[in-house]
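2 protein chains.
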Amino acid sequence: MSTADGQLRPSHRRTAVLEALKGCPRIVSAQELHMRMVAEGTRIGLSTVYRALRDAEETGRVDVVQAGTGEKRYRWRRGGEHRHYLVCRVCAASRPVGAEAVEAWVASVVSESGFAAVEHTVELAGVCARCQRAAD
Amino acid sequence: MSTADGQLRPSHRRTAVLEALKGCPRIVSAQELHMRMVAEGTRIGLSTVYRALRDAEETGRVDVVQAGTGEKRYRWRRGGEHRHYLVCRVCAASRPVGAEAVEAWVASVVSESGFAAVEHTVELAGVCARCQRAAD
DNA sequence: AGGTGGACTGATAATCATGTTCAATAACGA
DNA sequence: TCGTTATTGAACATGATTATCAGTCCACCT
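Just so you know, the sequences run in chain order A and B.
All residue numbers for the first sequence refer to this note's numbering, where the first residue is 1344 and numbers rise by one.
All residue numbers for the second sequence refer to this note's numbering, where the first residue is 1344 and numbers rise by one.
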């Protein structure tokens, strides 16, 4: 394989993936993130991006949103806590929403259900104010 | 493919798919439903099952849960209202949960966000009491 | 009843996101 | 420097879903 510019970074392609994710203003899919990185000049394979995101998901460093089409979209988790997001269907801009009420509701449902190890997913998708204007 | 109002014309096969779904005690994937129908002696193609479920989803006659693997699981919507479910990760048993608190929370978040046409997804997955016992 | 046109069906192929394989290789320690 | 080992990434595999399209069925008209 040709090492064209010799700009081989230290062993942290994975770190590069997470850094790129941090720099994303909107939620992105693995493929979008890969394209973005390549466009910026980072030499990285799609597999590595998938691997890094899966690992980050398992270790709780990113939040995941399942799009309706069965693709996953990621967002860097800024605070320590897991968050829920309101995502724009048009431009994919995302903003975290306060979810204390939902967390409390989930806790009460779980306690009276007899279920154990309950995980919850809350997803909100709509059209943001800017895209509403742009639709005219 | 579709008539003026976007609804598929009723047909023997399509009705059979929804009837089969009604008879399912747990949430099922399209493929599971197809296998189930074939096992019962119904002659039907996988494509038709997918089509019927997609149409039912679009017209709001079924509830959909996205499994972690990117597969969709369906449940016949018994009341008129859309529901949320607590699903067992082991046996796929599902029970509807009262979600008034969540609906109210969603409404308030939406009203102060400036977003329009917001749709929400709430999914709860855990291990039901029976499967907890069976795990011993 | 018989014909006709459009809708439905289903086998197959295509697509799409993601996972796995494995030879090449970069990082690290002796 | 040399060898060991984990990481990488291109190609391939997989699994769910969707599109294609020729054949079939059905409703309606005469």
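Note that CB positions come from ideal geometry on N, CA and C, so glycine has one too.
Starting from A:H1463, trace the beta strand (DSSP E) both ways and give me its first and last residue. Counting along the chain, the beta strand (DSSP E) containing A:H1463 begins and ends at 1459 to 1470.
Alpha carbons only, please: which of A:A1444, A:E1375, A:V1440 is nearest the one belonging to A:E1466? Minimum Cα distance to A:E1466 is reached at A:V1440.
Please classify B:A1447: is it buried, with 16 or more other beta-carbons within 10 angstroms of its beta-carbon, or exposed? Classification for B:A1447: exposed.
Quick one: grab the DSSP three-state call for B:V1452. The DSSP-derived three-state label of B:V1452 is helix.
So what's B:C1367 in DSSP terms, helix, strand or just coil? Under the three-state reduction of DSSP output, B:C1367 falls in the coil class, being neither helix nor strand.
Is any beta-carbon of chain B found at less than 9 Å from that of A:C1431? Closer than 9 Å to some Cβ of chain B, the Cβ of A:C1431 qualifies, so yes.
Taking C-beta to C-beta, are B:V1360 and B:A1399 nearer than 9 Å? Their beta carbons are under 9 Å apart, which means B:V1360 touches B:A1399 by this criterion.
So if I threshold CB-CB distances at 9 Å, which residues from the stretch 1444 to 1466 of chain B count as touching chain A? Of all residues in the stretch 1444 to 1466 of chain B, only A1444, V1445, A1447, W1448, V1449, S1451, V1452, V1453, S1456, G1457, F1458, A1459, A1460, V1461, E1462, H1463, T1464, V1465, E1466 come within less than 9 Å of chain A when Cβ atoms are compared, listed by chain position.
Along the chain, where does the beta strand (DSSP E) that runs through B:V1287 open and close? Missing from the structure shown is residue 1287 of chain B; chain B here goes from 1344 to 1479 and no further.
At least three beta-carbon pairs within less than 8 Å, the stretch 1448 to 1464 of chain B to the stretch 1449 to 1459 of chain A: In short, these stretches do not touch, since the Cβ pair count stays below three.
Would you please verify whether the beta carbon of A:F1469 is less than 9 Å from any beta carbon of chain B? In the sequence as presented, Phe is not what sits at residue 1469 of chain A; that position holds Gly. For A:G1469, at least one C-beta of chain B is nearer than 9 Å to its own C-beta.
Who are A:S1372's beta bridge partners in DSSP? Under DSSP, A:S1372 shares a beta bridge with A:R1416.
Going by DSSP, which residues form a beta bridge with A:H1377? DSSP, once it has assigned bridges, lists no residue as partnering A:H1377.
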